[in-house]
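**Q** Can you keep this structure in mind? I'll have questions shortly.
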Amino acid sequence: MSSIARHPNACKHTISRYIRQQAISTTRKAFTVKHLDQAIHIALEAHEGQTDKTGRPFFEHCQRVALLVSGDEARTVAYLHDVVEKGRGWTLDRLQEEGFPTRILSAVDALTRRPGEPDEQFIHRAAANVLALPVKRADLEDNLWQSEQIGKDAAKYQRGLDTLLEMASRK
């Protein structure tokens, strides 16, 4: 005899648990989609008037990075990855005031270069954050592509990608 047949309320409890899990999942998804939408608007504002290496609006760099990562959280971080360092008027505190969760803020912090920080140290710090790592990889890939498009030396970005690959192979 199956456990459901022995326990007449088991099916009801299983369905109730499933509905609860679906509600939690839907709430989380709505929460992350809200943050993603908010991040897009912030990136548009923060980078207004700025251009990337190719002369295109800087926001397009954020879009390309976001397209190279998967998941709403990673895409949220992708849109915000340069906001504190290169955007106008944005700090981690301000992002926190906007309601972004600690996980997103920590990743953005990991992707924000410190004054005087050497490239390799910056890459290692970014790679140590599980949410920042794929965004850093995508950022380096897009910067490499931009440099190649305008005939600039892309070695710095290739070294960064090589460092990330080397770090991943050690894990």
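Numbering (our numbering), first residue to last: 719 to 889.
Cβ coordinates follow ideal geometry from the N, Cα and C atoms, glycine included.
Quick check for students: name the residue ranges of the beta strand (DSSP E) that lie wholly in the segment 830–863, counting only runs of 3 or more.
**A** none
**Q** Assuming contact is defined by CB atoms lying nearer than 8 Å, are Tyr797 and Ala856 in contact in what I supplied?
**A** no
**Q** In chain order, what residues of the same chain lie with their CB nearer than 8 Å to the CB of Leu813, ignoring the 5 residues before and after it?
**A** Ile760, Leu798, Val801, Val802, Ile822, Leu823, Val826
**Q** Taking only the alpha-carbon atoms, compute the straight-line gap between Asp880 and Asp770 and give it to the nearest angstrom.
**A** 23 Å
**Q** For Ala872, which residues from the same chain have a beta carbon less than 6 Å from its beta carbon, with the 5 sequence-adjacent residues on both sides left out?
**A** Leu862, Ser865, Glu866
**Q** Check each candidate in Lys854, Met885, Gly805, Ala784 and name the one with the smallest Cα separation from Ala828.
**A** Residue Lys854 is the option with its Cα nearest to Ala828.
**Q** His753 and Thr794 look like a contact to me (Cβ under 8 Å); what is the Cβ gap, rounded to whole Å?
**A** 5 Å
**Q** Taking the straight line between their C-alpha atoms, what separation do you get for Glu816 and Arg877?
**A** 35 Å
**Q** Tell me which residue opens and which closes the alpha helix (DSSP H) that Phe776 is part of.
**A** 776–785
**Q** Quick one: residues in its chain with C-beta nearer than 7 Å to the C-beta of Glu778, no 5 flanking neighbours on either side, listed in chain order?
**A** Closer than 7 Å at the Cβ level, and outside the excluded window around Glu778, lie Asp770.
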